[in-house]
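Visitor:
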Amino acid sequence: MNYSITIKQISSKETHQVRHKILRIGQPIESCEFEGDLRSDTLHFGAFNNEGLIGIISCYQNNNSYFKSGINYQIRGVATLEHMQKKGVGKKLMKHAEKKLKEINCSNIWLNARIKANEFYLKLGYTKIGPIFEVPLIGKHQCFFKN
Ligand SMILES: CC(C)(COP(=O)(O)OP(=O)(O)OC[C@H]1O[C@@H](n2cnc3c(N)ncnc32)[C@H](O)[C@@H]1OP(=O)(O)O)[C@@H](O)C(=O)NCCC(=O)NCCS
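Each step along the sequence shown adds one to the number in my numbering, with nothing skipped, and position 130 is 162.
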């Protein structure tokens with residue numbers, strides 16, 4: 033665990049370097065633009081250490097078929113640079129986002145996880161909801177939520 037990691041709010045554009053390296057490998061840079069990135073109620077956070085940005089997370093005010101009332105946020109684009117994975121960066125980003133969303137009275141957080149990341153979300157107290165489904169070009173996903 034690197035204790036000098038700090039979390040800051042960043043712009044959607046700043047997420048692109050890590051999105052491209054980790055989440056959209058080999059795809060055009062435009063694939064790093066996600067729907068809702070520029071909305072005023074969207075929040076992007078970055079984890080920084082002495083080398084710069086090493087992890088990202090984005091939060092979008094979105095309902096889904098399970099959460100239709102209240103303030104619901106979808107978490108997307110969670111990624112840690114490969115050499116910094118499994119050192120607590122992702123957990124720190126998730127906890128920071130949860131704290132900020134609680135401050136704005138968010139009722140539910142939900143996300144569609146790549147199934148290889150299921151364990152990460154289970155360890156953070158998220159619950160699976162619904163069946164596994166396929167996202168074109170990316171693979172199998174599972175929806176998770178936390179109240
Ligand atoms: C998934 C990801 C964001 C996790 O970030 P990270 O910085 O490596 O996570 P952390 O080190 O904070 O992990 C927190 C806990 O989850 C565990 N964990 C993290 N990723 C895991 C995985 N893929 N499988 C199983 N456990 C995992 C860690 O071992 C740690 O466990 P511990 O608390 O018992 O020590 C990161 O591995 C990543 O960027 N993966 C590639 C992109 C991706 O799949 N993103 C998710 C899209 S839904």
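Using N, Cα and C, we set each Cβ at its ideal position, and we do this for glycine too.
#1: Rounding to the nearest angstrom, what Cα-Cα distance links F176 and Y158 in this structure?
#2: By how many angstroms is the C-alpha of G102 removed from the C-alpha of V110?
#3: What residue range is occupied by the uninterrupted alpha helix (DSSP H) comprising Q49?
#4: Excluding the 5 residues flanking M116 on each side, which residues of the same chain have their C-beta closer than 6 angstroms to its C-beta?
#5: Give a yes or no on contact between the region 62-75 and the region 85-99, applying the rule of three or more CB pairs nearer than 8 angstroms.
#6: At a cut-off of 6 angstroms, would you count V167 as near ligand 1, judging by its Cβ distance to the nearest heavy atom?
#7: Pick out the complete alpha helix (DSSP H) segments inside the region 33-112, 4 residues or longer, and give them in chain order.
#8: With DSSP as the reference, please indicate the residues paired to R141 in a beta bridge.
#9: Is L123 near ligand 1, judged by its Cβ being under 6 angstroms from some heavy atom?
#10: I need the straight-line Cα distance from K132 to N144, nearest angstrom please.
Guide: From the atom records:
#1: Residue 176 sits at position 144 when you count from the first residue of the sequence shown. Residue 158 sits at position 126 when you count from the first residue of the sequence shown. Going by the C-alpha atoms only, they are around 6 angstroms apart.
#2: Here residue 110 is taken as the residue at index 78 of the sequence shown, counted from 1. Here residue 102 is taken as the residue at index 70 of the sequence shown, counted from 1. Roughly 24 angstroms separates the two Cα atoms.
#3: By 1-based counting over the sequence shown, the position of residue 49 is 17. Here the alpha helix (DSSP H) through Q49 covers 44-50.
#4: Position 84 of the sequence shown, counted from the first residue, corresponds to residue 116. I86, listed in sequence order.
#5: yes
#6: For the purposes of this step, residue 167 is taken as the residue at position 135 of the sequence shown. No, the beta carbon of V167 sits no closer than 6 angstroms to any heavy atom of ligand 1.
#7: 44-50
#8: Here residue 141 refers to the residue found at position 109 of the sequence shown. Correcting the residue type first, residue 141 is Ile in the shown sequence and not Arg. Bridge partners of I141: Y105, K178.
#9: Here residue 123 refers to the residue found at position 91 when the sequence shown is read from its first residue. Before going on, a small fix: residue 123 reads as Lys here, not Leu. Under cutoff, so the answer is yes.
#10: Here residue 132 refers to the residue found at position 100 when the sequence shown is read from its first residue. Here residue 144 refers to the residue found at position 112 when the sequence shown is read from its first residue. Cα to Cα, the separation comes out at about 20 angstroms.
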